[in-house]
Amino acid sequence: MEKASIMDEQAIQRALIRIAHEVIEKNKGIENMALVGIRTRGVPLAEQLAHEIGRIEGRDIAVGVLDITLYRDDLSTLSHQPIVRETKLPFDINGKKIILVDDVLYTGRTIRAALDALIDLGRPQSIQLAVLIDRGHRELPIRADYVGKNVPTSSKEVVSVQLIATDQVARVVINEIVD
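According to our numbering, the sequence shown is numbered sequentially starting from 2.
Below, the structure written as structure tokens:
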């Protein structure tokens with residue numbers, strides 16, 4: 002059941018523009034940098050972020066897609082035959098500054114899986130994390146470098162990010178879990 006709408010399309014866009022500026026400032030430009038979106042909603046967010054960074058810097062930045070299905074620590078509880086999608090990194094991650102992008106940071110387990118997947122593919126110079134929403138409740142010592150919005154939530158709530166590319170609407174809502 003929808004409890005609250007916390008971001009509309011314009012708020013999401015403003016957050017991504019701010020994150021783009023923060024990424025450029027923190028890294029003193031975009032030299033030797035690439036963005037990697039975590040499937041599913043991290044991918045269109047990474048593409049939008051790359052567009053904003055490219056607009057500001059006047060040149061394109063590489064974007065990759067990371068599927069973490071086989072790295073999840075809850076794989077056995079998902080299903081007997083989990084759907085594994087393709088990881089597409091059209092660049093060598095060795096020695097690169099990687100900005101990992103996801104929609105919601107919650108327990109930290111998805112990010113841990115993504116870090117494992119990236120490290121299996123090479124040795125980046127650094128990995129930074131950009132998320133649209135940080136809702137707290139960490140179970141692992143993981144922190145985002147760039148956050149669109151901090152949203153304190155209860156464990157009986159779910160933050161749902163909807164994007165044009167995946168949902169035909171762009172907004173962030175809090176849904177309450179009804180027992």
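Just so you know, even glycine gets a beta-carbon here, dropped at the ideal spot from N, CA and C.
{"query": "Could you have a look at K97 and say whether DSSP puts it in helix, strand or coil?", "result": "coil"}
{"query": "Skipping 5 residues on each side, what residues in its chain have a beta carbon closer than 7 Å to that of I25?", "result": "I31, I54, I57 and E58"}
{"query": "Assign Q169 to one of two classes, buried (16 or more other C-beta atoms within 10 Å of its C-beta) or exposed (fewer than that).", "result": "exposed"}
{"query": "Would you tell me roughly how many angstroms separate the C-alpha atoms of Q129 and I143, rounded to the nearest one?", "result": "11 Å"}
{"query": "With three or more beta-carbon pairs closer than 8 Å as the criterion, would you say the segment 151-170 touches the segment 35-43?", "result": "yes"}
{"query": "Considering just the uninterrupted stretch of the beta strand (DSSP E) at L133, what are its terminal residues?", "result": "S127 to D135"}
{"query": "So is P153 buried or exposed if we call it buried at 16+ other beta carbons inside 10 Å?", "result": "exposed"}
{"query": "Which two residues bound the contiguous alpha helix (DSSP H) that contains L17?", "result": "E10 to K27"}
{"query": "Can you grab the Cα-Cα spacing for the pair S127 / D146, in whole Å?", "result": "12 Å"}
{"query": "Keeping to the same chain, check which residues put their C-beta closer than 7 Å to that of R139; ignore five residues upstream and five downstream.", "result": "T108 and G109"}
{"query": "How would you write the range of the alpha helix (DSSP H) that L67 sits in, first residue to last?", "result": "Premise fails: L67 lies in the beta strand (DSSP E), A63 to L67, not in any alpha helix (DSSP H)."}
{"query": "Starting from L36, trace the beta strand (DSSP E) in both directions and tell me its first and last residue.", "result": "M34 to I39"}
{"query": "Kindly list the residues whose CB is nearer than 7 Å to the CB of V181, restricted to its own chain and excluding five residues on each side of it in sequence; keep chain order.", "result": "The structure shown has nothing for residue 181, since the chain only spans 2 to 180."}
{"query": "Three-state secondary structure (DSSP) at A171?", "result": "coil"}
{"query": "Around the Cβ of L71, are there at least 16 other Cβ atoms within 10 angstroms (buried) or fewer (exposed)?", "result": "exposed"}
{"query": "So which of L90, M8 and R73 has the shortest CA-CA distance to L67?", "result": "L90"}
{"query": "Only counting the same chain, and skipping five residues up and downstream in sequence, which positions put a Cβ closer than 8 Å to that of T111?", "result": "I39, I69, R73 and D103"}
{"query": "Which same chain residues, not among the five before or five after A21, have their C-beta less than 7 Å away from its C-beta?", "result": "L50, E53, I54 and I57"}
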